[in-house]
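For reference, the structure is listed below as C-alpha cells.
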Amino acid sequence: MGRLEIHQLEVGLLQNFCEVIACPETGRAALVDPAFEVDRLLAVAAREGWTVDTILLTHTHDDHVAGLDEAYAATGAVVRCHPLEVEIARRFADRVEAVSDGEDVSVGAGRMRAIWAPGHTPGCVCWYGPESEALITGDVLFVGSCGGVGYPGSDPAAMVDTLQRKLGSLPEQTRVYPGHDYGKTPTSTLMWEFATNPALRADSVAAFCALKGVPVPG
C-alpha cells in the first residue's frame, strides 16, 4: 500500500478544515468533508494533476457537507460515509456508499480506513491512513479539545469510548487532522493529545460530562 499525501485547507467562516488526500503514484485523490470554498479544494487537485474520484465524510452536519453538492457535481466522485449518515448524504449526491467499521477505502494505491467513532453523532467516522500515519477526526477530536456532545443524537458515553478505546488503540505517533481550527496548532499527534487534552484525560464518563457541561447519561 502506498503512502498518501494530505493537504489541509482552512475554509469558510467556521474555521473548518478540509483535506485533499492524494496518491502521487496513481494521481488519484479524495476530498474530505467538502464544506466550503470547494473551488479551492479542486484547485489543489487540478494544480497537481490529480483526479478526485472519492469523497470521504466524517459526518453530515451542515458545516461539513454544505459544499458536497458542488463537489459531487464537479467530480462525480463516490461519497463514502457511515450507514447512519447515508440518508442525509444522498440529499447532495447520487453515488453514496456506506462503509463499515474497519473497512479500507482505496485512494489510488493507498487506503484510508473507516473507524466508527460515535459520540458527536451516531454515525461519525474518523479516517485513518495506516501507511500515512494520519487520522482525520472531523468533530470527534480537536487539538486540545473534542467535539460537542449536546446535539440531538449525541452520546457522551459513546464519545468517551471512542476517545479512550478506539483512538487509544492507534499508534501514538499518528498525526491528528481535526475538523476545525480550534487549537493552538492546525494538527497534532495522538501522543500529545493524550498527554495534554482535557477531553482525553477525563477518567470517567461523569468527569467527561462535567468537562463538557452536559448531564451524565441515565
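Residue numbers (the working numbering): 7 to 224.
In this text, a Cβ means the ideal position worked out from N, Cα and C, and glycines have one as well.
Nothing here was measured: the structure is a model prediction, and the numbers come from that model.
- prompt: Quick one: what's got a C-beta closer than 8 Å to Leu15's C-beta in the same chain, skipping five residues either side?
  reply: Cβ within range, chain order: Phe23, Cys24, Glu25, Val26, Glu43, Arg46, Leu47 and Val50.
- request: Please name the residue or residues paired with Phe148 in a DSSP beta bridge.
  value: Ser151.
- request: Determine the DSSP secondary structure at Val58, reduced to helix, strand or coil.
  value: Strand at Val58.
message: In whole angstroms, give me the CA-to-CA distance for Leu62 and Ala80.
response: Approximately 15 Å between the Cα atoms of the pair.
- prompt: Taking the DSSP output, what are the residues bridged to Tyr134?
  reply: Tyr134 pairs with Arg119 and Leu141.
Rounded separation between Ser138 and Leu10 - CA only: Going by C-alpha positions, Ser138 is about 6 Å away from Leu10.
- prompt: Comparing the CB of Arg86 with every heavy atom of the ligand PLP, is any distance shorter than 7 Å?
  reply: The ligand PLP is not among the ligands present in this structure, which contains no ligands whatsoever.
message: Taking only three categories from DSSP, how would you classify Phe214?
response: In the structure shown, Phe214 sits in a helix (DSSP, three-state: H, G or I).
Simplified DSSP assignment, three categories, for Tyr183: Three-state result, Tyr183: strand.
message: I'd like to check one pair, Asp110 with Ala83: are the Cβ atoms closer than 8 Å?
response: Taking 8 Å as the Cβ cut-off, Ala83 and Asp110 do not qualify as a contacting pair.
- prompt: For His65 versus Asp167, is the C-beta spacing smaller than 8 Å?
  reply: In this structure, Asp167 does not lie closer than 8 Å to His65 by Cβ.
task: With 8 Å as the threshold, decide whether the Cβ of Val50 is near any Cβ in chain D.
output: Here chain D cannot be found, since the structure has a single protein chain.
task: Measure the beta-carbon distance from Leu169 to Ala216 and round it to whole angstroms, keeping in mind my assumption that it falls under 8 Å.
output: Not confirmed; about 15 Å, so no contact.
field: Euclidean distance between Cα positions of Thr57 and Gly224
entry: Between Thr57 and Gly224, the C-alpha separation is close to 48 Å.
message: As a quick exercise: from Leu90, Arg97 and Cys87, pick the residue whose alpha carbon is nearest that of Asp75.
response: Closest by alpha carbon: Arg97.
message: Whether or not the stretch 145 to 165 and the stretch 97 to 107 are in contact is what I'm after, with contact meaning three or more pairs of Cβ atoms, one per stretch, closer than 8 Å; do they touch?
response: Taking a contact to require three or more Cβ pairs closer than 8 Å, the stretch 97 to 107 and the stretch 145 to 165 do not qualify as touching.
task: Measure the C-alpha to C-alpha separation of Ile12 and Arg53 and round it to an integer number of angstroms.
output: So the two alpha carbons sit approximately 15 Å from each other.
Outcome for Ala201 when other beta-carbon atoms lying within 10 angstroms are tallied against a minimum of 16: Counting Cβ neighbours within 10 Å, Ala201 comes out exposed, since fewer than 16 surround it.
- prompt: By Cβ distance, which residues of its chain are closer than 8 Å to Ala95, with the 5 residues on each side in sequence left out?
  reply: Taken in chain order, the residues that qualify are Leu63, Thr66, Val71, Leu74, Val85, Cys87 and Val102.
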